[in-house]
Amino acid sequence: IVCFLCWGWKSAFTETSVLGKTPDWTHLEPFQGKLTRPEFEGILTGVYCPRKEWWAPWIVIEKDKARIRKEAGKDDWFELSFRSTPASPVYPSPAWKSLKGMRIALDPGHIGGKYSEMEGRHFSIDGKSAVKEGDLSLQTAFRLEKILASKGAEVFLVRRAKEPVTSKKPGDFDELANRWAKDRGLEKLEKEEREKLLRKRMEMLFYRVSEIRARARLVNESIRPDLVICLHLNASAWKDPDKKELVDRNDFHVLVNGCYMGGELAYDDQRFEMLLRLLSGWHRPEQKLADGLSVAFAEATDLPAFSYKGPNALKIGKAEGVWARNLLANRLYRCPVVFLEPYRANSKGAYERIMAGSYAGTREINGIRRLALVEEYAQAVAKGLMNALKE
Numbered sequence: 081i082v083c084f085l086c087w088g089w090k091s092a093f094t095e096t097s098v099l100g101k102t103p104d105w106t107h108l109e110p111f112q113g114k115l116t117r118p119e120f121e122g123i124l125t126g127v128y129c130p131r132k133e134w135w136a137p138w139i140v141i142e143k144d145k146a147r148i149r150k151e152a153g154k155d156d157w158f159e160l161s162f163r164s165t166p167a168s169p170v171y172p173s174p175a176w177k178s179l180k181g182m183r184i185a186l187d188p189g190h191i192g193g194k195y196s197e198m199e200g201r202h203f204s205i206d207g208k209s210a211v212k213e214g215d216l217s218l219q220t221a222f223r224l225e226k227i228l229a230s231k232g233a234e235v236f237l238v239r240r241a242k243e244p245v246t247s248k249k250p251g252d253f254d255e256l257a258n259r260w261a262k263d264r265g266l267e268k269l270e271k272e273e274r275e276k277l278l279r280k281r282m283e284m285l286f287y288r289v290s291e292i293r294a295r296a297r298l299v300n301e302s303i304r305p306d307l308v309i310c311l312h313l314n315a316s317a318w319k320d321p322d323k324k325e326l327v328d329r330n331d332f333h334v335l336v337n338g339c340y341m342g343g344e345l346a347y348d349d350q351r352f353e354m355l356l357r358l359l360s361g362w363h364r365p366e367q368k369l370a371d372g373l374s375v376a377f378a379e380a381t382d383l384p385a386f387s388y389k390g391p392n393a394l395k396i397g398k399a400e401g402v403w404a405r406n407l408l409a410n411r412l413y414r415c416p417v418v419f420l421e422p423y424r425a426n427s428k429g430a431y432e433r434i435m436a437g438s439y440a441g442t443r444e445i446n447g448i449r450r451l452a453l454v455e456e457y458a459q460a461v462a463k464g465l466m467n468a469l470k471e
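This is the structure:
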């Protein structure tokens, strides 16, 4: 089922991602003459697309300009002129030197509540209370909101309840799901299997695609923050989904936007969004803040940093555990975004702390005195931000 559901992120009639819009390339006009050719190529390959074979079909770099294909399959190009001599600095440093006055949007990952099983962010061991990532991320957001506000930041939560931001429901994607199934010849499957795939597809379009796009509209059109912090917890795949057993591995990592793969750049909207982020210079504050957050997580949690092995992530920054990936949330939010993945919720170490819930001060867990997990998470984020802003 997973393989079937991962197919077809492209609309059947356009070269955009599912539920994506045809980009307006004129939004890149203000960036004409901003970068030199070496600067543009350095940022492209150092952050956003490390392999030339991935970007070469879509971006042609010439002496005085870059030509970007506007529509897949068409000889229609956006021309971006280069600056002849380097500017100093290319991107002015952000005005923030502390949290005071900074507009920060906290995006608690997933939805949680009654949607947690649908999202696949829900598990229970031996009949005990279920672990729901969406609930934990929301608890962390509430606690972090108080800490950051006490330091003078203006804080906004992208969601404040265990309810979706999108007004859509899974059933609203019935036509789109059926078109997807038809394109892949799934009518040949047994009725029960086909209906199960259609239901899963509609649910995924609801909680993953429509939900994140709704959050992006809220962030970009209403909140308009200086920074978005996406709050998540990681988890390991179950060795046997029918017999869930906690794992030993527990770690953390921090993500920024980048590492667009060839198949992703084939979508007109993703290609445009990558260029918008590159030219806006958001990678600079993202990397600085991500480095600070990674160091803070290492100190607060005593956990090792996670390392990716495949081509879908690129190691960047100075600190361990900071990686670039192209995710829907860190791509669509039009400002710097850091995406946090501390703890593995189904690890032996994290699970016991999650089950302990909220408590004052510290408590001995596995022979070590620890803050409550949500408290530790929130404090680490605040400390990481403050330390990064001081540098």
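For the sequence shown, our numbering assigns the number 81 to the initial residue and increments by one for each residue that follows.
Built from N, CA and C at the ideal position, the CB exists for glycine as well.
Since we're looking at a predicted model, the values are computed, not measured.
Straight-line spacing of the CA atoms in K101 and F352 works out to 11 Å. According to the DSSP secondary-structure assignment, S161 is paired through a beta bridge with K145.
Annotation: the continuous alpha helix (DSSP H) that includes T220 extends over 213-230. For P365, the enclosing alpha helix (DSSP H) has its first and last residue at 363-381.
Secondary structure in the stretch 284-367: the beta strand (DSSP E) runs of 3 residues or longer, each lying completely within the stretch, are 307-311, 332-337 in chain order.
Collapsing the DSSP output to three states places I123 in a helix. For E444, the enclosing beta strand (DSSP E) begins and ends at 442-445. The Cβ-Cβ distance between L186 and I309 falls below 9 Å. Here the alpha carbon of C339 sits roughly 12 Å from the alpha carbon of L355.
Within the model, the alpha-carbon separation for W157 versus R279 is close to 39 Å. In this structure, L369 places its C-beta atom within 9 Å of the C-beta atom of A468. Taking the Cα of E344 as reference, the smallest distance to any Cα among P137, K114, P118 is reached at P137. DSSP places I191 in the coil class of the three-state scheme, outside both helix and strand. Counting along the chain, E234 sits inside the beta strand (DSSP E) bounded by residues 234-237. Its chain contains V245, T246 as the residues whose beta carbon lies nearer than 6 Å to that of A294, once the 5 sequence neighbours on both sides are disregarded; these appear in chain order. Taking C-beta atoms as the reference points, R297 and F236 fail to come closer than 9 Å. Distance from the CA of E444 to the CA of M198, rounded to the nearest whole angstrom, comes to 34 Å.
When the alpha-carbon of R405 is set against those of E379, N337, G122, W135, the nearest one is in N337.
Ranking T220, R201, Q219, L218 by CA distance to the CA of V211 puts R201 first.
Beyond the five residues adjoining it in sequence on each side, F111 comes within less than 6 Å, by CB distance, of L359 in the same chain, given in chain order. Taking C-alpha positions only, A376 is separated from G153 by approximately 46 Å. Assignment of beta-bridge partners to F111 by DSSP yields no partner. Counting C-beta pairs with one atom in each stretch, the stretch 251-264 and the stretch 222-236 have fewer than three that are closer than 8 Å, which means they do not touch. Residue environment: K114 is assigned as buried (16 or more neighbouring CB atoms within 10 Å of its CB, all protein chains considered). Listed as beta-bridge partners of I448 by DSSP are I445.
If you look at V454, you'll find it in the alpha helix (DSSP H) that goes 453-470.
N446 counts as exposed, since fewer than 16 other C-beta atoms from the protein chains shown sit within 10 angstroms of its C-beta.
By the Cβ neighbour-count rule, T96 is buried, with 16 or more other Cβ atoms within 10 Å of its own. Just measuring C-alpha positions, the residue of T116, C129, E273 sitting nearest R357 is C129. The Cβ-Cβ distance between A460 and E379 falls below 9 Å. Ranking L453, L412, W105, V454 by CA distance to the CA of E301 puts L412 first. Shown here, W105 sits in a helix according to DSSP, grouped into three states. For Y287 and I191, the gap between their C-alpha atoms comes out near 8 Å.
Secondary structure of S247 (DSSP, three-state): coil. Residues of the same chain with a CB within less than 8 Å of the CB of W134, apart from the 5 flanking positions on each side, are Y340, M341, G342, L345 in chain order.
Counting the other Cβ atoms within 10 Å of the Cβ of D349 gives 16 or more, which makes it buried.
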